[in-house]
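Undergrad: The numbering of the sequence shown is our numbering, which starts it at 658 and goes up by one. Built from N, CA and C at the ideal position, the CB exists for glycine as well. No experiment lies behind these values; they were computed from the predicted model shown. What follows is a single structure, and I will ask about it in a moment.
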Amino acid sequence: MLVRKVPGFVPASPWGLRLPQKFLFLLFLSGLVTLCFGALFLLPHSSRLKRLFSASRTQQPGLEMMAEIASHHAMPEQELPPNPAPAAPAPGEDDPGRLVGVLRRKEWLRRTRPTGPREEGNRVAALRPQDESVRFSFDYKGFRSRLRHPVLGTRSDESEESQSLVRAQREKIKEMMRFSWQNYRRYAMGKNELRPLTKDGFEGSMFGGLSGATIIDSLDTLYLMELREEFQEAKAWVQDSFHLNVSGEASLFEVNIRYIGGLLSAFYLTGEEVFRVKAIKLGEKLLPAFNTPTGIPKGVVNFKSGSWGWATAGSSSILAEFGSLHLEFLHLTELSGNPVFAEKVRNIRKVLREIDKPFGLYPNFLSPVSGNWVQHHVSVGGLGDSFYEYLIKSWLMSAKTDTEAKTMYYEALEAIETYLVNVSPGGLTYIAEWRGGILDHKMGHLACFSGGMIALGAEDAKEDKRAYYRELAAQITRTCHESYARSDTKLGPEAFWFNSGREAVATQLSESYYILRPEVVESYMYLWRQTHDPIYREWGWEVVMALEKHCRTEAGFSGIQDVYSSNPNHDNRQQSFFLAETLKYLYLLFSEDNVLSLEDWVFNTEAHPLPVNRSDSSSMAGHRH
Ligand code: DMJ
């Protein structure tokens, strides 16, 4: 309605009050409000006020958890509460980021509202007091007493062996480890990796601000090689300088296999509490990645602001990443008494067990929102690799009680044999990659771990397939050796093809690099332990010589840019997995079988040994099907 302005006329309010009356009424109202608030603050239990506010947040489970946790626990080292809630944007966050942050937080709150048993699981875990997991007492002596072999083997044949070639070879590999470590310590201590040409450190972007990847990846190798002083240096750094109060975006997979895996194995080898406690606290920081509608974690977790993490990784999660958490997460539950870790990975297993698989194959990309495959690309190399590895190792690590893992592994392997395994015209067996039914006749260096995996699983296959799998493992390993033997450096390329008359060689420069990867020597180690065929030690020694010739620099080992050049350029990076895996598998190849015996240990995909679990009370043994 249009009100015409008439001089001297003051319109009444909709309630019929004139201005002075309105003023008095407002004065009265504000007095009343002040009184009410005053009364609230004077109530004897100030927690009521807190509850009043937290009640309005009950639809925001994260915030509620944070209030609960904060009221119960002091935070050592300013570290984060486990699985805490979304925080207000950090001071100094710039405006666009801030807006995106707010929107993401709102979306996260909507998605994580408790709606069912799985969400309830998250809440229970998060509300579990932080120190309870840490205070949990793990029976370390009991665990050691159940091992079937001394961790570092027996030294009964020491005097005889000291004369032998194999001992000298092992000593050489130990020297390579010492050299790698000492240069890292000298030029890059505390950084994630060493850059040997520029003699400085490299941080990278995979670890969300965590540092010391090389230190944590090296702990068990130093221990295994009895490099005692170096091990003490590494341990002291973990104790004093490994801080978890970081704020970047981290790869769930990489943090899990390197940091959690490294800390867990350091604990199991030594019984030192610092490793157990840091592994559990770091594990708790990874939990927000699982807050998706399916429970399939996203690939990236945000440690931002020391408060909560949200996950981002485009629209799909990667099979090798979310499929390679099982071993470490079961051990986190075992060592903390907190069931949440095991629940998370059992849910992943359930989703994968129930989903339709094209021809029995597992594609590499899955939507964590819909739980559907995103595209039909299948690979035993990058993107798929360690998912298969973790199935057979889950079976072995459960002391052969996890029959679900066993069944899934052998079914997957049947499909791989049927659709992906090929023999080249020159007689080389390889595992191709599959794109919706069309094969790429190539193998990545990463796929070369599969010789070892198939050998490891051969024993428990159906009787009529055991010999076949042993032979398949040997043939794949031979092909991977060929990819090394056919290069000028005797080191293998990142990927090699079987087409146009060329076999086991890279076809372009962009695939010709070698970054100190372990997969080929990993397979030599498993095949050696299974067969004791001297060829595997011969091949392993060829790798040692090639590393010395082409990758050793004045200040550490470096990857090379072209394995087909007799004088290759270096890539200036000593990868942490070189110390965790390549040197460890080489050392084990020249060790007795009872050193980190495969009866007692399984190696995670970063070569960190985790024990087979034989305790009746364990969460792992309890997982029978
Ligand atoms: C390692 O970090 C792990 O083995 C992972 O599974 C994939 N490959 C790298 C080393 O090549």
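Taking contact to mean 3 or more Cβ pairs, one atom from each stretch, closer than 8 Å, check whether the segment 1009-1023 and the segment 987-998 are in contact.
TA: No, the segment 1009-1023 is not in contact with the segment 987-998.
Undergrad: Residue range of the alpha helix (DSSP H) that R1271 falls in?
TA: Unbroken run through R1271: none, as it is neither H nor E.
Undergrad: Thinking C-alpha only, which one of L876, G866, V1162 and I1111 is nearest P909?
TA: Residue identity check: residue 909 is Leu in the sequence provided, not Pro. The shortest C-alpha separation from L909 is found at G866.
Undergrad: Alpha carbon to alpha carbon, what distance is there between E789 and S993?
TA: About 8 Å.
Undergrad: Quick check: L876 and A923, are their CB atoms within less than 8 Å of each other?
TA: A contact, by the Cβ cut-off of 8 Å.
Undergrad: Rounded to a whole number of angstroms, what is the C-alpha to C-alpha distance between Q1218 and F1044?
TA: For Q1218 and F1044, the distance between alpha carbons rounds to 28 Å.
Undergrad: May I have the straight-line CA-CA distance separating V1177 from F1247, to the nearest angstrom?
TA: One C-alpha to the other measures close to 15 Å.
Undergrad: Quick check on the DSSP output: what are the complete alpha helix (DSSP H) runs of length 4 or more inside the segment 912-942, in order along the chain?
TA: Fully enclosed alpha helix (DSSP H) runs of 4 or longer: 918-927.
Undergrad: At the level of alpha carbons, what is the spacing between L1267 and G847?
TA: In a straight line, the C-alpha of L1267 is about 25 Å away from that of G847.
Undergrad: Taking the straight line between their C-alpha atoms, what separation do you get for H988 and R933?
TA: When rounded, the distance between both Cα atoms is 10 Å.
Undergrad: Can you name, in chain order, every residue of its own chain whose Cβ lies under 6 Å from the Cβ of T1134, other than the five neighbours on each side?
TA: Same-chain partners within the cutoff: G1108, S1180 and L1184.
Undergrad: Go through its chain and collect everything with a Cβ distance to E1074's Cβ below 8 Å, but skip five positions before and after it.
TA: These residues qualify, in order along the chain: L1129.
Undergrad: Smallest Cα separation from L1103: which of R1123, G810 and E1168?
TA: Selected option, being the one with the closest Cα: E1168.
Undergrad: Using the three-state DSSP reduction, which class does P1015 fall into: helix, strand or coil?
TA: P1015 falls in the helix class under three-state DSSP.
Undergrad: Measure the C-alpha to C-alpha separation of I873 and I937 and round it to an integer number of angstroms.
TA: The alpha-carbon atoms of I873 and I937 are separated by roughly 15 Å.
Undergrad: For the pair the segment 1114-1127 and the segment 1045-1064, tell me if three or more CB-CB distances fall below 8 Å.
TA: Output reads yes: the segment 1045-1064 touches the segment 1114-1127.
Undergrad: Measure the CB-CB distance between G905 and F960 and report whether it falls below 8 Å.
TA: Contact flag set, yes.
Undergrad: Run the CB neighbour count on S855, radius 10 Å, all protein chains shown included, and call it buried at 16 or more, exposed below.
TA: It should be noted that the sequence gives Thr, not Ser, for residue 855. It counts as exposed.
Undergrad: Which one or two residues does DSSP pair with H1034 in a beta bridge?
TA: For H1034, which the question treats as bridged, DSSP gives the partners R1092.
Undergrad: Contact between the segment 1070-1088 and the segment 1151-1161 is defined here as three or more beta-carbon pairs at a separation below 8 Å; is this criterion met?
TA: Result yes; three or more Cβ-Cβ pairs closer than 8 Å.
Undergrad: Quickly, what does DSSP pair Q1231 with across the bridge? List them, please.
TA: Paired residues: L851.
Undergrad: To which residues of the same chain is L1040 closer than 7 Å at the C-beta, ignoring the five residues directly before and after it?
TA: Hits under 7 Å: I975, L976, A977 and N1021.
Undergrad: Under DSSP, the beta strand (DSSP E) around S1140 begins and ends at which residues?
TA: Run containing S1140: none in the beta strand (DSSP E); it sits in the alpha helix (DSSP H), E1120 to A1142.
Undergrad: Quick check: what's the CA-CA separation for N840 versus G1213?
TA: Rounded to whole angstroms, N840 to G1213 spans 6 Å at the Cα level.
Undergrad: To the nearest angstrom, report how far apart R1186 and L926 are at their CA atoms.
TA: Going from the Cα of R1186 to the Cα of L926 covers about 21 Å.
Undergrad: How close, in whole Å, do the beta carbons of E850 and R1230 come, if the pair is a contact with beta carbons under 8 Å?
TA: Contact holds; Cβ gap of about 6 Å.
Undergrad: Does at least one heavy atom of the ligand DMJ sit under 7 Å from the Cβ of F1234?
TA: True, at least one ligand heavy atom lies under 7 Å from that Cβ.
Undergrad: So, with DSSP's three-state summary, where would you put N1029?
TA: N1029 falls in the coil class under three-state DSSP.
Undergrad: State the Cα-Cα distance for the pair N657 and V1162, rounded to the nearest angstrom.
TA: The requested residue 657 does not occur in the structure, where the chain is confined to residues 658 to 1282.
Undergrad: Considering only residues of the same chain and omitting the five flanking positions on each side of M863, which have a CB-CB separation below 6 Å?
TA: S908 and E911.
Undergrad: Spatial neighbours of L1245 within its chain, please: C-beta separation below 6 Å, excluding the five flanking residues on both sides.
TA: Closer than 6 Å at the Cβ level, and outside the excluded window around L1245, lie M1182.
Undergrad: If contacts are defined as beta-carbon pairs under 8 Å, then L804 and D1257 qualify, I think. What distance do you get, rounded to the angstrom?
TA: The Cβ separation is near 5 Å, so the contact holds.
Undergrad: Could you tell me how far apart the beta carbons of L901 and L939 are, in whole angstroms, since I believe they sit closer than 8 Å?
TA: Contact flag correct, Cβ pair sits at about 6 Å.
Undergrad: Judging by CA-CA distance, which residue of C1208, R843 and R827 is the nearest neighbour of N881?
TA: Before going further, note that residue 881 is Leu rather than Asn in the sequence given. It is R827.
Undergrad: Compute every distance between the C-beta of D1042 and the non-hydrogen atoms of the ligand DMJ, then say whether any falls below 7 Å.
TA: Yes - the ligand DMJ has a heavy atom lying nearer than 7 Å to the Cβ of D1042.
Undergrad: Name the residue from A1118, A1203, S1254 and S1222 whose alpha carbon lies nearest to the alpha carbon of T1239.
TA: Of the listed residues, the one whose Cα sits closest to T1239 is A1203.
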